[in-house]
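One structure is given here, and the rest of the page talks about it.
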Amino acid sequence: MKIGTLARRLAPNEGFTQSLHENVRFMRSDRPHGRHQVLYEPSIVIVLEGRKRGYVHDMIFQYDPQHYLVLTVPLPFSAETEASPDCPMLAVSVKLDMMVLTELVAMLHAEGLRPAEPPKGIASTPLSEALGDVTLRLLEALASPLEAKVLSSAIVRELYFRVLLDSPGGALSSAIAQNGQFGRISCVLKRIHADYAERLDVRQLSEEARMSPPAFHAHFKAVTHSSPIQYIKTIRLHQARLMLIRDNATSAAAEGRVGYQSTTQFSREFKRLFGRSPGEEAREMKVSLSLF
3 MKIGTLARRL APNEGFTQSL HENVRFMRSD RPHGRHQVLY EPSIVIVLEG RKRGYVHDMI
63 FQYDPQHYLV LTVPLPFSAE TEASPDCPML AVSVKLDMMV LTELVAMLHA EGLRPAEPPK
123 GIASTPLSEA LGDVTLRLLE ALASPLEAKV LSSAIVRELY FRVLLDSPGG ALSSAIAQNG
183 QFGRISCVLK RIHADYAERL DVRQLSEEAR MSPPAFHAHF KAVTHSSPIQ YIKTIRLHQA
243 RLMLIRDNAT SAAAEGRVGY QSTTQFSREF KRLFGRSPGE EAREMKVSLS LF
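At position 149 of the sequence shown (counting the first as 1) the number is 151 in the working numbering, and the numbers step up by one without a gap.
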(Lines of atoms letter the chains of each structure in order from A; the text may use other names.)
(Lines give C-alpha, C1' and ligand atoms only; values in the text may rest on other atoms or scores of the structure.)
Protein backbone atom coordinates (compact mmCIF):
# COMPACT_ATOMS: atom_id res chain seq x y z
CA MET A 3 0.00 0.00 0.00
CA LYS A 4 1.30 3.47 -0.86
CA ILE A 5 2.51 5.48 2.10
CA GLY A 6 0.16 8.37 1.26
CA THR A 7 -2.87 6.06 1.27
CA LEU A 8 -1.82 4.64 4.62
CA ALA A 9 -1.28 8.10 6.06
CA ARG A 10 -4.74 9.26 4.96
CA ARG A 11 -6.26 6.27 6.70
CA LEU A 12 -4.29 6.80 9.89
CA ALA A 13 -4.91 10.57 9.90
CA PRO A 14 -8.49 10.93 8.62
CA ASN A 15 -9.04 14.41 10.07
CA GLU A 16 -7.16 17.69 10.09
CA GLY A 17 -4.99 18.45 13.07
CA PHE A 18 -3.22 15.90 15.24
CA THR A 19 -4.16 12.22 15.51
CA GLN A 20 -2.63 10.03 18.19
CA SER A 21 -1.44 6.67 16.85
CA LEU A 22 -1.48 3.29 18.58
CA HIS A 23 2.07 3.98 19.79
CA GLU A 24 2.39 6.51 22.61
CA ASN A 25 5.32 8.37 21.01
CA VAL A 26 3.90 8.60 17.50
CA ARG A 27 1.20 10.93 16.23
CA PHE A 28 0.09 12.11 12.82
CA MET A 29 -0.29 15.64 11.48
CA ARG A 30 -2.67 16.59 8.69
CA SER A 31 -3.68 19.81 6.96
CA ASP A 32 -6.03 20.01 3.97
CA ARG A 33 -5.27 23.66 3.28
CA PRO A 34 -2.27 25.97 3.23
CA HIS A 35 -1.27 27.91 6.32
CA GLY A 36 0.88 31.01 6.30
CA ARG A 37 3.62 31.56 8.81
CA HIS A 38 2.38 31.03 12.34
CA GLN A 39 3.95 30.31 15.71
CA VAL A 40 4.45 26.68 16.73
CA LEU A 41 6.13 24.86 19.60
CA TYR A 42 7.51 21.40 18.87
CA GLU A 43 8.67 19.02 21.57
CA PRO A 44 11.92 17.10 20.96
CA SER A 45 10.93 14.92 18.04
CA ILE A 46 11.54 13.65 14.52
CA VAL A 47 9.05 14.98 11.97
CA ILE A 48 8.77 13.14 8.65
CA VAL A 49 6.50 14.70 6.02
CA LEU A 50 4.85 12.12 3.76
CA GLU A 51 2.96 14.50 1.46
CA GLY A 52 2.84 18.27 1.08
CA ARG A 53 5.53 20.58 2.39
CA LYS A 54 6.39 22.54 5.53
CA ARG A 55 8.99 25.18 6.22
CA GLY A 56 10.28 26.30 9.58
CA TYR A 57 11.81 29.70 10.24
CA VAL A 58 14.23 30.45 13.05
CA HIS A 59 15.37 34.05 12.57
CA ASP A 60 17.23 34.06 9.22
CA MET A 61 17.43 30.26 8.95
CA ILE A 62 14.95 28.20 6.93
CA PHE A 63 14.36 24.50 7.57
CA GLN A 64 12.44 22.63 4.89
CA TYR A 65 10.71 19.36 5.64
CA ASP A 66 8.89 17.53 2.88
CA PRO A 67 8.90 14.00 1.39
CA GLN A 68 12.62 14.43 0.65
CA HIS A 69 13.68 16.06 3.95
CA TYR A 70 12.86 15.48 7.60
CA LEU A 71 13.21 17.61 10.71
CA VAL A 72 14.90 16.78 14.02
CA LEU A 73 14.43 18.85 17.17
CA THR A 74 16.62 17.94 20.13
CA VAL A 75 15.15 20.57 22.49
CA PRO A 76 11.66 22.10 22.82
CA LEU A 77 11.85 24.95 20.34
CA PRO A 78 9.35 27.69 19.50
CA PHE A 79 9.59 28.85 15.88
CA SER A 80 7.35 29.91 13.01
CA ALA A 81 6.20 27.52 10.29
CA GLU A 82 4.16 27.53 7.11
CA THR A 83 2.38 24.70 5.34
CA GLU A 84 1.78 23.96 1.67
CA ALA A 85 -1.32 21.80 1.27
CA SER A 86 -4.63 21.50 -0.55
CA PRO A 87 -7.71 19.24 -0.39
CA ASP A 88 -6.30 17.21 -3.29
CA CYS A 89 -2.81 17.09 -1.81
CA PRO A 90 -3.02 17.40 1.98
CA MET A 91 0.04 17.82 4.15
CA LEU A 92 0.53 14.52 5.94
CA ALA A 93 3.32 13.95 8.43
CA VAL A 94 4.33 11.62 11.23
CA SER A 95 5.89 13.02 14.41
CA VAL A 96 7.93 10.67 16.59
CA LYS A 97 8.68 11.94 20.09
CA LEU A 98 12.25 11.38 21.24
CA ASP A 99 12.46 8.69 23.92
CA MET A 100 15.62 9.68 25.77
CA MET A 101 16.08 6.31 27.47
CA VAL A 102 16.06 4.42 24.17
CA LEU A 103 18.21 7.02 22.45
CA THR A 104 20.77 7.05 25.27
CA GLU A 105 21.10 3.28 24.99
CA LEU A 106 21.57 3.48 21.21
CA VAL A 107 24.13 6.28 21.49
CA ALA A 108 26.11 4.23 24.03
CA MET A 109 26.10 1.26 21.66
CA LEU A 110 27.28 3.41 18.75
CA HIS A 111 30.03 4.93 20.90
CA ALA A 112 31.15 1.43 21.90
CA GLU A 113 31.54 0.67 18.19
CA GLY A 114 33.70 3.73 17.73
CA LEU A 115 30.96 5.73 16.00
CA ARG A 116 31.23 9.10 17.68
CA PRO A 117 29.66 12.24 16.20
CA ALA A 118 31.92 14.80 14.58
CA GLU A 119 29.15 17.42 14.51
CA PRO A 120 28.33 19.72 17.42
CA PRO A 121 24.88 19.35 18.98
CA LYS A 122 22.08 21.41 17.46
CA GLY A 123 18.62 22.37 18.63
CA ILE A 124 17.07 21.94 15.18
CA ALA A 125 18.26 20.40 11.90
CA SER A 126 16.85 19.13 8.62
CA THR A 127 18.40 16.59 6.28
CA PRO A 128 17.56 14.55 3.17
CA LEU A 129 15.46 11.47 3.88
CA SER A 130 17.51 8.35 3.20
CA GLU A 131 16.06 5.29 1.50
CA ALA A 132 16.61 3.27 4.68
CA LEU A 133 14.72 5.77 6.83
CA GLY A 134 11.93 5.95 4.26
CA ASP A 135 11.61 2.17 4.41
CA VAL A 136 11.43 2.22 8.22
CA THR A 137 8.74 4.92 8.09
CA LEU A 138 6.60 2.85 5.72
CA ARG A 139 6.91 -0.24 7.94
CA LEU A 140 5.99 1.85 10.99
CA LEU A 141 2.79 3.07 9.32
CA GLU A 142 1.92 -0.46 8.22
CA ALA A 143 2.34 -1.70 11.79
CA LEU A 144 0.27 1.16 13.22
CA ALA A 145 -2.58 0.29 10.86
CA SER A 146 -3.10 -3.00 12.75
CA PRO A 147 -3.80 -3.09 16.51
CA LEU A 148 -1.99 -6.41 16.86
CA GLU A 149 1.06 -5.37 14.84
CA ALA A 150 1.17 -2.03 16.63
CA LYS A 151 1.28 -3.86 19.98
CA VAL A 152 3.90 -6.39 18.90
CA LEU A 153 6.08 -4.51 16.40
CA SER A 154 5.77 -0.73 16.66
CA SER A 155 8.23 -0.19 19.53
CA ALA A 156 10.95 -2.15 17.73
CA ILE A 157 10.34 -0.18 14.54
CA VAL A 158 10.46 3.15 16.40
CA ARG A 159 13.78 2.02 17.90
CA GLU A 160 15.07 1.27 14.40
CA LEU A 161 13.88 4.69 13.23
CA TYR A 162 15.93 6.33 16.01
CA PHE A 163 18.93 4.26 14.96
CA ARG A 164 18.64 5.35 11.31
CA VAL A 165 18.36 9.01 12.32
CA LEU A 166 21.42 8.72 14.57
CA LEU A 167 23.40 7.47 11.57
CA ASP A 168 22.18 10.28 9.29
CA SER A 169 23.78 13.70 8.94
CA PRO A 170 21.94 15.46 11.79
CA GLY A 171 22.28 12.25 13.76
CA GLY A 172 25.72 13.41 14.79
CA ALA A 173 24.16 16.52 16.26
CA LEU A 174 21.39 14.40 17.84
CA SER A 175 23.93 11.95 19.25
CA SER A 176 25.92 14.79 20.78
CA ALA A 177 22.74 16.25 22.26
CA ILE A 178 21.70 12.90 23.75
CA ALA A 179 25.16 12.50 25.26
CA GLN A 180 24.49 15.82 27.06
CA ASN A 181 28.00 17.01 26.30
CA GLY A 182 29.40 20.33 27.50
CA GLN A 183 27.42 23.52 27.42
CA PHE A 184 24.64 22.05 25.27
CA GLY A 185 23.86 19.49 27.98
CA ARG A 186 23.72 22.18 30.65
CA ILE A 187 21.40 24.37 28.57
CA SER A 188 19.24 21.34 27.79
CA CYS A 189 18.79 20.72 31.52
CA VAL A 190 17.78 24.36 32.01
CA LEU A 191 15.22 24.06 29.20
CA LYS A 192 13.67 21.04 30.93
CA ARG A 193 13.45 23.11 34.11
CA ILE A 194 11.75 25.98 32.27
CA HIS A 195 9.16 23.63 30.72
CA ALA A 196 8.45 22.00 34.07
CA ASP A 197 8.18 25.25 36.03
CA TYR A 198 7.12 27.85 33.44
CA ALA A 199 4.37 29.18 35.73
CA GLU A 200 6.84 29.81 38.56
CA ARG A 201 9.08 32.83 39.00
CA LEU A 202 12.18 32.02 36.94
CA ASP A 203 15.22 34.15 37.61
CA VAL A 204 17.77 34.17 34.78
CA ARG A 205 20.73 34.61 37.13
CA GLN A 206 19.58 31.59 39.14
CA LEU A 207 19.20 29.57 35.94
CA SER A 208 22.75 30.49 34.93
CA GLU A 209 23.97 29.28 38.32
CA GLU A 210 22.10 25.99 37.81
CA ALA A 211 23.90 25.66 34.47
CA ARG A 212 27.21 26.40 36.23
CA MET A 213 27.90 29.31 33.90
CA SER A 214 28.52 33.00 34.33
CA PRO A 215 25.54 35.14 33.20
CA PRO A 216 27.29 36.31 29.98
CA ALA A 217 28.32 32.74 29.08
CA PHE A 218 24.83 31.46 29.91
CA HIS A 219 23.19 34.03 27.62
CA ALA A 220 25.60 33.23 24.78
CA HIS A 221 25.18 29.45 24.98
CA PHE A 222 21.43 29.69 25.55
CA LYS A 223 21.03 31.75 22.39
CA ALA A 224 23.26 29.35 20.43
CA VAL A 225 20.88 26.49 21.25
CA THR A 226 17.48 28.21 21.15
CA HIS A 227 18.20 31.26 18.95
CA SER A 228 16.51 33.30 21.68
CA SER A 229 17.42 35.09 24.89
CA PRO A 230 16.45 33.32 28.16
CA ILE A 231 13.82 35.94 29.03
CA GLN A 232 12.25 35.81 25.57
CA TYR A 233 12.25 32.00 25.59
CA ILE A 234 10.50 31.85 28.97
CA LYS A 235 7.93 34.40 27.80
CA THR A 236 7.29 32.48 24.56
CA ILE A 237 6.85 29.16 26.37
CA ARG A 238 4.32 30.74 28.76
CA LEU A 239 2.35 32.20 25.88
CA HIS A 240 2.32 28.90 23.98
CA GLN A 241 1.11 27.10 27.09
CA ALA A 242 -1.59 29.73 27.55
CA ARG A 243 -2.72 29.21 23.95
CA LEU A 244 -3.00 25.46 24.55
CA MET A 245 -5.14 26.12 27.62
CA LEU A 246 -7.42 28.40 25.61
CA ILE A 247 -7.82 25.81 22.84
CA ARG A 248 -7.79 22.44 24.58
CA ASP A 249 -9.17 23.33 28.02
CA ASN A 250 -11.56 26.09 26.87
CA ALA A 251 -9.94 28.26 29.54
CA THR A 252 -10.78 31.93 29.64
CA SER A 253 -8.05 34.44 28.88
CA ALA A 254 -8.00 35.50 32.54
CA ALA A 255 -7.65 31.91 33.74
CA ALA A 256 -4.91 31.10 31.24
CA GLU A 257 -2.82 34.16 32.06
CA GLY A 258 -2.88 33.31 35.75
CA ARG A 259 -2.02 29.66 35.20
CA VAL A 260 1.11 30.49 33.19
CA GLY A 261 2.42 33.06 35.65
CA TYR A 262 1.28 36.44 34.31
CA GLN A 263 0.15 39.01 36.84
CA SER A 264 -0.92 41.75 34.43
CA THR A 265 -3.86 41.29 32.05
CA THR A 266 -2.69 44.19 29.91
CA GLN A 267 0.82 42.79 29.57
CA PHE A 268 -0.48 39.30 28.80
CA SER A 269 -2.86 40.53 26.08
CA ARG A 270 -0.21 42.78 24.54
CA GLU A 271 2.49 40.11 24.44
CA PHE A 272 0.06 37.41 23.28
CA LYS A 273 -1.05 39.53 20.32
CA ARG A 274 2.53 40.47 19.49
CA LEU A 275 3.51 36.78 19.26
CA PHE A 276 0.43 35.28 17.61
CA GLY A 277 -0.96 38.29 15.75
CA ARG A 278 -4.41 37.97 17.35
CA SER A 279 -6.03 38.51 20.71
CA PRO A 280 -6.36 35.43 22.96
CA GLY A 281 -10.06 35.03 22.11
CA GLU A 282 -9.50 35.44 18.36
CA GLU A 283 -6.57 33.01 18.39
CA ALA A 284 -8.54 30.37 20.27
CA ARG A 285 -11.46 30.54 17.83
CA GLU A 286 -9.21 30.43 14.75
CA MET A 287 -7.01 27.60 16.00
CA LYS A 288 -9.96 25.45 17.00
CA VAL A 289 -11.19 25.65 13.43
CA SER A 290 -7.78 25.28 11.81
CA LEU A 291 -6.56 22.39 13.95
CA SER A 292 -9.90 20.66 14.55
CA LEU A 293 -9.32 20.69 18.29
CA PHE A 294 -12.91 21.00 19.37
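From the three backbone atoms N, C-alpha and C, an ideal C-beta is built for every residue, glycine too.
{"Check": "Of the residues G134, Y262, E209, L174, the one placed nearest H240, counting alpha carbons only", "Outcome": "Y262"}
{"Check": "7 Å Cβ cutoff met for S80 and Y65", "Outcome": "no"}
{"Check": "Burial state of V96 (16 or more Cβ within 10 Å)", "Outcome": "buried"}
{"Check": "For E82, three-class secondary structure by DSSP", "Outcome": "strand"}
{"Check": "Of the listed residues M287, A150, E43, nearest to L12 (C-alpha basis)", "Outcome": "A150"}
{"Check": "Candidates I46, L167, S126: closest to V1 by CA position", "Outcome": "Residue 1 is absent from the structure shown; the chain starts at 3 and stops at 294."}
{"Check": "Close-in-space but distant-in-sequence residues of the same chain around F268 (CB under 6 Å, 5 per side omitted)", "Outcome": "E257, Y262"}
{"Check": "Opposing strand residues paired with K97 [DSSP bridges]", "Outcome": "S45"}
{"Check": "Whether I157 touches V94 by CB criterion (7 Å)", "Outcome": "no"}
{"Check": "CA-to-CA distance, P215 to E200, given in whole angstroms", "Outcome": "20 Å"}
{"Check": "Backbone secondary structure at L280 - three-state DSSP", "Outcome": "Rather than Leu, the amino acid found at residue 280 in this sequence is Pro. Here P280 sits in helix by DSSP."}
{"Check": "E274 classed as buried or exposed, judged by whether at least 16 other C-beta atoms fall within 10 angstroms", "Outcome": "Note that residue 274 corresponds to Arg in the displayed sequence, not to Glu. R274 is exposed by the Cβ-count criterion."}
{"Check": "Every unbroken alpha helix (DSSP H) within the region 106-176, with a cutoff of 4 residues, ordered by chain", "Outcome": "131-144, 147-167"}
{"Check": "Cα-Cα separation, Y42 to S264", "Outcome": "27 Å"}
{"Check": "Beta carbon of K54 nearer than 7 Å to that of T83", "Outcome": "yes"}
{"Check": "N- and C-terminal bounds of the beta strand (DSSP E) containing T74", "Outcome": "Taken as a continuous stretch (DSSP letters only), T74 belongs to no beta strand (DSSP E), as it is neither H nor E."}
{"Check": "A242 to E113 span [Cα, whole Å]", "Outcome": "45 Å"}
{"Check": "Neighbourhood of R212 by C-beta, 7 Å cutoff - its chain only, sequence neighbours within 5 removed", "Outcome": "R186"}
{"Check": "7 Å Cβ cutoff met for A177 and T74", "Outcome": "yes"}
{"Check": "Buried/exposed call for L71, threshold 16 Cβ in 10 Å", "Outcome": "buried"}
{"Check": "Distance between beta carbons of E210 and R193, contact taken as under 8 Å", "Outcome": "7 Å"}
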